[in-house]
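Data first, discussion second: the structure below is written as structure tokens.
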Amino acid sequence: MIRVLVPQLTKAPARPIGGAVLTLAGETMGTTWSMQLVAPLTANAEALEAMAQRELDQVVREMSPWEPLSDLSRYNRAAAGSWTPLPPALAQVLRCALEIAEASDGAFDPTLGALVDLWGFGPLAFSGAPPHPQDIAKARQAAGWRRLVLEGDRLLQPGGLRLDLNGIAKGFAVDQVAAALDRAGVRSYLIEVGGELRGTGAKPDGQPWWVELESPPVANDRPRTLVALHGLSVATSGDYRRFFEHDGRRYAHTLDPATAAPAAHATVSVTVLDESCMRADAYATALTVMAPDAALAFATEHGVAAIILAQGPTGLEEHLSPAVSAMLDE
-4 MIRVLVPQLT KAPARPIGGA VLTLAGETMG TTWSMQLVAP LTANAEALEA MAQRELDQVV
56 REMSPWEPLS DLSRYNRAAA GSWTPLPPAL AQVLRCALEI AEASDGAFDP TLGALVDLWG
116 FGPLAFSGAP PHPQDIAKAR QAAGWRRLVL EGDRLLQPGG LRLDLNGIAK GFAVDQVAAA
176 LDRAGVRSYL IEVGGELRGT GAKPDGQPWW VELESPPVAN DRPRTLVALH GLSVATSGDY
236 RRFFEHDGRR YAHTLDPATA APAAHATVSV TVLDESCMRA DAYATALTVM APDAALAFAT
296 EHGVAAIILA QGPTGLEEHL SPAVSAMLDE
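Okay, so the sequence shown: first residue is -4 according to the working numbering, each after it adds one.
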């Protein structure tokens, strides 16, 4: 069974005239990126590929905890009481992160860098076992999005606070590539970075960019979902993407700020659709932290288009927010 999601548009995307569909690709953030675009006949494929790579490399230079010289790493090492000037893009991401942290009552928290490392999902060496409770308590005490003080484009280091933007930076990178293509005069494209997507415009045959939404391995028998990406982004977060196992238990990479440990409830995956891939990425992370009922209530209240898969009494259950239901093509 296949179902279709179509965004509500005031008018159909314009069909490109002339040009060819180019497919470009590369590597970034420990994963791969790719894009398809309808380029003008005079377009230089190598130049467009290099342009996209520059945008992605810039996000890494500013926001990667794996890069010791990144702006994020520099802030994480800063002395207590000091102010760190931030590049405008990093400040923009932090403002969005703080907005969603406040709206979600801290389910999304960009200050869990020390905890991410303790649990083995950051750049530091990992023992393969859950960290000691005393170490968790110490890292938890230093974290907390309410400790962040952002004034303009400078950020206060209150002492011991370490940022981790892995729940939002990849989506922002997708948006940055899209903005670069817009500036280059490309009006129809599909961008993918590590499973996060953004599309706009139509292909030369008039069809939109159709993509199949990601499903967790345990959902192989569920309906396939296709979405027409026009002015729309998709981000998916799930407990099956990154995890480690210890003593017969699986620990997923999404940490619950309330417990300072991997989220341990029934949610298996969350897919969010939004105009901004940055916001879709952050919302998907926040909703994965929440219990399924709370996630659906939040998505409903805030108009977030979300598909929530969770384990229920009879197996895997799917919950669609009203914003997703409105896209269903009957």
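Ideal Cβ positions, reconstructed from N, Cα and C, are used throughout, including at glycine.
Note that this is a predicted model, so its numbers are computed, not measured.
For I163, does the three-state DSSP call read helix, strand or coil?
-> Here I163 sits in coil by DSSP.
Please list, in chain order, all residues of the same chain as L151 whose beta carbon is under 6 Å from its beta carbon, the five residues on each side excluded.
-> Cβ neighbours of L151 beyond the five flanking positions: W78, V144.
Whole-angstrom distance between P287 and A306, CA atom to CA atom | According to the sequence shown, residue 306 is Gln rather than Ala. Distance between Q306 and P287, taken at the CA atoms: about 9 Å.
Use the C-beta contact count for A134: other C-beta atoms within 10 angstroms, 16 or more gives buried, fewer gives exposed.
-> With 16 or more other Cβ atoms inside 10 Å of its own Cβ, A134 counts as buried.
For R72, which of helix, strand or coil comes out of DSSP?
-> Secondary structure of R72 (DSSP, three-state): coil.
Can you pull the DSSP bridge partners for E187?
-> DSSP, once it has assigned bridges, lists S29, L192 as partnering E187.
Where A275 and G162 are concerned, what is the direct C-alpha to C-alpha distance, given to the nearest angstrom?
-> Rounded to the nearest whole angstrom, the C-alpha separation of A275 and G162 is 10 Å.
Please report how far the alpha carbon of T26 lies from the alpha carbon of L36, in whole angstroms.
-> Just so you know, the alpha carbons of T26 and L36 end up roughly 30 Å apart.
For I(-3), collect the residues of the same chain with a Cβ closer than 8 Å to its Cβ; drop the 5 residues on either side in sequence, then sort them by chain order.
-> Within the same chain, and ignoring the five residues on either side of I(-3) in sequence, the residues whose Cβ sits closer than 8 Å to its Cβ are P218, R219, T220, L221.
Determine contact between the region 163 to 173 and the region 80 to 98, defined as no fewer than three beta-carbon pairs at a distance below 8 Å.
-> Yes, they touch.
Just the Cα atoms here: how many angstroms apart are L291 and V267?
-> Straight across, the Cα-Cα distance linking L291 with V267 is about 12 Å.
Should the region 296 to 305 be regarded as contacting the region 240 to 259, the criterion being three or more beta carbon pairs within less than 8 Å?
-> Taking 8 Å as the limit for Cβ pairs, the verdict is that the region 240 to 259 does not touch the region 296 to 305.
Please name the residue in A294, A281, M322, L160 whose C-alpha comes closest to that of M24.
-> For M24, the nearest C-alpha among the options comes from L160.
Residues sharing a beta bridge with G399, DSSP = An answer regarding residue 399 cannot be provided, because it is not within the stretch -4 to 325 covered by the chain.
How about V16 and V33: are their beta carbons less than 7 Å apart?
-> For V16 and V33, yes; Cβs fall inside 7 Å.
Starting from G310, trace the beta strand (DSSP E) both ways and give me its first and last residue.
-> Per DSSP, G310 belongs to the beta strand (DSSP E) from 310 to 315.
Sequence-distant residues of its chain with Cβ nearer than 6 Å to D104 (five each side left out) | The answer, listed in chain order, is A96, W140, P252.
Answer with buried or exposed for I3, where buried requires no fewer than 16 other C-beta atoms within 10 angstroms of its C-beta.
-> Before going on, a small fix: residue 3 reads as Gln here, not Ile. The residue in question, Q3, is exposed, as its Cβ has fewer than 16 Cβ neighbours within 10 Å.
Along the beta strand (DSSP E) that carries P80, what are the first and last residues, could you check?
-> It spans 78 to 80 - the beta strand (DSSP E) in which P80 sits, taken as one unbroken run.
What are the start and end residues of the alpha helix (DSSP H) that includes L221?
-> From DSSP, L221 is part of no alpha helix (DSSP H) but of the beta strand (DSSP E) over 219 to 224.
Helix, strand or coil at W205 according to DSSP, with G and I counted as helix = Under the three-state reduction of DSSP output, W205 falls in the strand class.
Provide the residue span of the alpha helix (DSSP H) that contains R90, from first to last.
-> 83 to 98 is the span of the alpha helix (DSSP H), which, as asked, contains R90.
Name, in chain order, the residues that DSSP records as bridge partners for L19.
-> Secondary-structure assignment with DSSP links L19 through a beta bridge to M30.
Cβ of M30 within 7 Å of Cβ of A175?
-> Taking 7 Å as the Cβ cut-off, M30 and A175 do not qualify as a contacting pair.
Beta strand (DSSP E) segments (min. 3 residues) lying fully within the region 104 to 184 | Listed in chain order, the complete beta strand (DSSP E) runs (minimum 3 residues) inside the region 104 to 184 are 144 to 146, 149 to 151.
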